[in-house]
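Worksheet: the structure to be examined is printed underneath.
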Amino acid sequence: MPDKSRLKPWALLVTRNFPPLLGGMEKVNQHLLEALQPAWRTALCGPAGSAQYAAAQTEMKQSRVKPLPVFLLATAWHATCLAWRRKPEWVIAGSGLTAPIAWLAARCTGGRAVVYLHGLDIIAPSRAYQWLWLFFIRRCDLALVNSANTATLAQSRGVPPANMHVLHPGTDLPALDAEAARDFRQRNSFGQRPLLLSVGRLTQRKGLAEFVEKSLPGIASRHPDVLLVVIGDEASDALHARPGSERERILAAARIHGVERNLRFLGRCDDETLGAAYQAANLHVFPVLDLPGDVEGFGMVALESAAHGLQTVAFAVGGVPDAVMDGQTGILIGPGNYVALADAVTRQLAQARESGNVAACREFAAGKAWPVFGERLRSLLDSHRV
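Whatever position you read off the sequence shown (first residue = 1), add 27 for this note's numbering.
See below:
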């Protein structure tokens, strides 16, 4: 019998955002590649080291990520060569950054171009990007966007709404482990202190320095033992990383406002430790800022929190309202209202891990799990076949 896998068409993913680089976009692209494999043979043009994070049957071309022009030129060459050899049905840009490469590779070989937009890749503060990259983004055959807010941004920049569809990132839905939560508290000497959790790379947009300055003192006045646990490191690999240490900004705010004892940095953690942290915490805080030229496209950590039964208190900024169901998986606060944010955190600390709240969070997350993401991706691509 013929090998049925050889009868499948090809799909080529072109992206800088893929492990071993860290972040939500990297995780999304890894799952996107996996979701293609039931229906397409897959190829990946990605960053150096990405081969160990892709399935063995994926055809690979890798390029070093720095300097950026070298990555783009090398990836353009690799993508064109792969496209000529494999004639992929779809060439998918994992973000707006690689949209020109995906579009050209698709047009050279008769395929169709897709771009997955995350928010910042629509409003990146660069004249060259706004002129050249958006030219190709608008001309892709299909634009996938990670939230309703990203869809609005894309439409405002001229991306045709008829070719645009929301595809929310997904999450794993792990089994809950009370013993792992207890071990996490004991290992870090947290005892029974109320834990506020922040997860993610330390960037200005995440708003932790402002939260420590404007909300944490009020929370600590009502819950003196409260502890803000920060998991994540500086965003050294980010394309739009800002100068200076965000960690130092957060520490300085804690010192000035007298809440040093209410703050603990754990740095980067493995998945097992992170899962235990989600289960041990009383509440996840996500005080994202509304910054010009920067945007929170979705808020995957809020969805991951819900998958672990943990509620989120967040500012309703960017795509965050797509990741937090207000009143079910947490509380959304108007941007910049730090008094209301502190009040909401104080209220939720008393009830956030009640069994009904845990079940409601996990129910919401189940509707956005990675298998749901994969099914929707394949359905969208199938519906746009020619």
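Beta carbons are placed, not taken as given, at the ideal position from N, Cα and C, and that holds for glycine.
Practice item. Give me the Cα-Cα distance between Gly346 and Leu63, rounded to the nearest whole angstrom. Key: Gly346 and Leu63 have their alpha carbons spaced roughly 25 Å apart.
Exercise for review: Return the first residue and the last residue of the alpha helix (DSSP H) that Met352 is part of.
Suggested key: Taken as a continuous stretch (DSSP letters only), Met352 belongs to no alpha helix (DSSP H), as it is neither H nor E.
**Study point:** Nonlocal neighbours in the same chain, by C-beta distance under 7 Å from Met352, ignoring five residues either side
**Key:** Around Met352: Phe391.
Check your understanding: With a Cβ-Cβ cutoff of 8 Å, do Val118 and Ala110 count as a contact?
Key -> Between Val118 and Ala110, the C-beta gap is smaller than 8 Å, which places the two residues in contact.
Exercise for review: Closer than 8 Å by C-beta to Leu318: which residues in its own chain qualify, once you throw out the five before and the five after it? Chain order, please.
Suggested key: Within the same chain, Leu318 has close Cβ partners Gln231, Arg232.
Point to revise | Rounded separation between Asp260 and Leu48 - CA only | key: Rounded to the nearest angstrom, the gap between the Cα atoms of Asp260 and Leu48 is 13 Å.
Practice item. May I ask you to report which of helix, strand or coil DSSP gives Lys170? Key: Note that residue 170 is Ala in the sequence shown here, rather than Lys. In the structure shown, Ala170 adopts extended strand secondary structure according to DSSP, grouped into three states.
Check your understanding: Shortest alpha-carbon distance to Gln182 belongs to which of Arg209, Ile149, Gln213, Ala205?
Key -> When each option's Cα is compared against that of Gln182, the closest is Ile149.
Check your understanding: So, Met86 versus Ala106, is the Cβ gap smaller than 8 Å?
Key -> What sits at residue 86 in the sequence shown is Glu, not Met. In terms of Cβ geometry, Glu86 and Ala106 do not form a close pair [threshold 8 Å].
Point to revise | Test item: CB-CB of Asn173 and Phe325 under 8 Å | key: Asn173 is a Cβ neighbour of Phe325, given a cutoff of 8 Å.
**Study point:** Gly363 to Gly383 span [Cα, whole Å]
**Key:** So the alpha carbons of these two residues sit roughly 29 Å apart.
Exercise for review: Indicate whether Arg380 and Ala334 have their beta-carbon atoms separated by less than 8 Å.
Suggested key: The Cβ-Cβ distance between Arg380 and Ala334 does not fall below 8 Å.
Check your understanding: Roughly how many whole angstroms lie between the Cα atoms of Ala304 and Pro74?
Key -> Between Ala304 and Pro74, the C-alpha separation is close to 30 Å.
Review point. Is the stretch 119-127 in contact with the stretch 39-46, if contact means three or more CB pairs nearer than 8 Å?
Key: Segment contact: the stretch 119-127 against the stretch 39-46, three or more CB-CB distances shorter than 8 Å; contact assigned.
Point to revise | Beta-carbon separation (whole angstroms), Leu255 vs Asn289, contact threshold 8 Å | key: Right, their Cβ atoms sit about 6 Å apart.
Point to revise | Given 8 Å, three or more beta-carbon pairs between the stretch 367-377 and the stretch 194-203 | key: Between the stretch 367-377 and the stretch 194-203, the count of Cβ pairs shorter than 8 Å is below three; the stretches do not touch.
Exercise for review: Report yes or no: is there a C-beta of chain B within less than 8 Å of the C-beta of Ser183?
Suggested key: The displayed structure is made up of one protein chain only, and chain B is not part of it.
Review point. For Asn56, which option in Val413, Phe400, Leu278 has the closest C-alpha, if you only look at C-alpha atoms?
Key: For Asn56, the nearest C-alpha among the options comes from Phe400.
Exercise for review: Work out the CA separation of Gly218 and Ala178 for me, nearest whole Å.
Suggested key: Ala178 and Gly218 have their C-alpha atoms roughly 44 Å apart.
Practice item. Would you list the one or two residues that DSSP bridges to Arg291? Key: DSSP, once it has assigned bridges, lists Val256 as partnering Arg291.
Practice item. On a CA-only basis, which of Asp168, Ala81, Lys54 is nearest Ser410? Give me that one, please. Key: Closest option to Ser410, Cα to Cα, is Asp168.
Exercise for review: Could you round the C-beta distance between Ile258 and Leu301 to whole angstroms and report it? I think they count as a contact, below 8 Å.
Suggested key: Contact check for Ile258 and Leu301: beta-carbon distance about 6 Å, within the 8 Å limit, so the pair qualifies.
Check your understanding: Under three-state DSSP, which class holds Arg91?
Key -> Shown here, Arg91 sits in coil according to DSSP, grouped into three states, outside any helix or strand.
Review point. With a CB to CB cut of under 7 Å and the five nearest residues on each side skipped, what residues in its chain are close to Val193?
Key: So the qualifying residues of the chain are Val172, Ser174, Ala175, Ala178.
Exercise for review: Taking only the alpha-carbon atoms, compute the straight-line gap between Leu278 and Arg228 and give it to the nearest angstrom.
Suggested key: Here the alpha carbons of Arg228 and Leu278 stand approximately 15 Å from one another.
Check your understanding: Taking the alpha carbon of Ala103 as the point to measure from, which residue in Leu376, Ala367, Cys72 has its own alpha carbon closest?
Key -> Looking at the Cα atoms, Cys72 is the closest of the given residues.
Review point. Using the rule of at least 16 other Cβ atoms within 10 Å of the residue's Cβ for burial, across every protein chain shown, is Gly285 buried or exposed?
Key: Exposed is the call here.
Practice item. Could you spell out where the beta strand (DSSP E) holding Val399 opens and where it closes? Key: Boundaries for Val399: no beta strand (DSSP E) harbours it, while the alpha helix (DSSP H) harbouring it runs 397-410, taken from the DSSP string.
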